[in-house]
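**Student:**
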Amino acid sequence: NNITPRSLVIIDELGRGTSNIDGLSIAFAIAESLIQSSAFTLFVTHYTQITSLSNLYNNVKNLHMKATLEYIPISNINP
């Protein structure tokens, strides 16, 4: 009830631990509610179907982020 267009919402893997159809339904419902709130939202999901929301709403952008891990030997780290 307190979300505003100035809010930042971060969702990570909403619906995990449920059946696929239940999790997808929960994720879609929450995503559409957040879209209508106009809050800035980062929505991380394994449900690829969620990306179709960008076809329905012009304020939805799909982004792909990649993280890499670089190994630095402890002997090379300066105290």
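The sequence shown: position 48 = 315 (our numbering), numbered continuously. Cβ atoms here follow ideal geometry from the backbone N, Cα and C, with glycine treated the same way.
Does DSSP put Leu-281 in a helix, a strand or coil?
**Tutor:** Taking the first residue of the sequence shown as position 1, residue 281 is located at position 14. Reduced to three states, the DSSP call for Leu-281 is coil.
**Student:** Leaving aside the five residues before and after Tyr-338 along the sequence, list all residues of the same chain whose C-beta is less than 6 angstroms from its C-beta, in chain order.
**Tutor:** Here residue 338 refers to the residue found at position 71 of the sequence shown. Hits under 6 angstroms: none found.
**Student:** Can you give me the C-alpha to C-alpha distance between Thr-318 and Ser-300, rounded to a whole angstrom?
**Tutor:** Position 51 of the sequence shown, counting from 1, holds the residue named residue 318. Position 33 of the sequence shown, counting from 1, holds the residue named residue 300. Spanning the two alpha carbons is a distance of roughly 15 angstroms.
**Student:** List the endpoints of the continuous alpha helix (DSSP H) containing Leu-291.
**Tutor:** What you label residue 291 is simply residue 24 of the sequence shown in a count that begins at 1. Counting along the chain, the alpha helix (DSSP H) containing Leu-291 begins and ends at 287 to 304.
**Student:** The beta strand (DSSP E) that contains Leu-320, what's its start and end?
**Tutor:** Counted from its first residue, the sequence shown places residue 320 at position 53. Looking at the DSSP string, Leu-320 is not in any beta strand (DSSP E); the run it does join, the alpha helix (DSSP H), is 320 to 323.
**Student:** Spatial neighbours of Leu-291 within its chain, please: CB distance less than 7 angstroms, with the 5 preceding and 5 following residues excluded, ordered by chain position.
**Tutor:** To locate residue 291, count along the sequence shown from 1; it is residue 24. Only Gly-282, Tyr-314 and Gln-316 meet the Cβ criterion.
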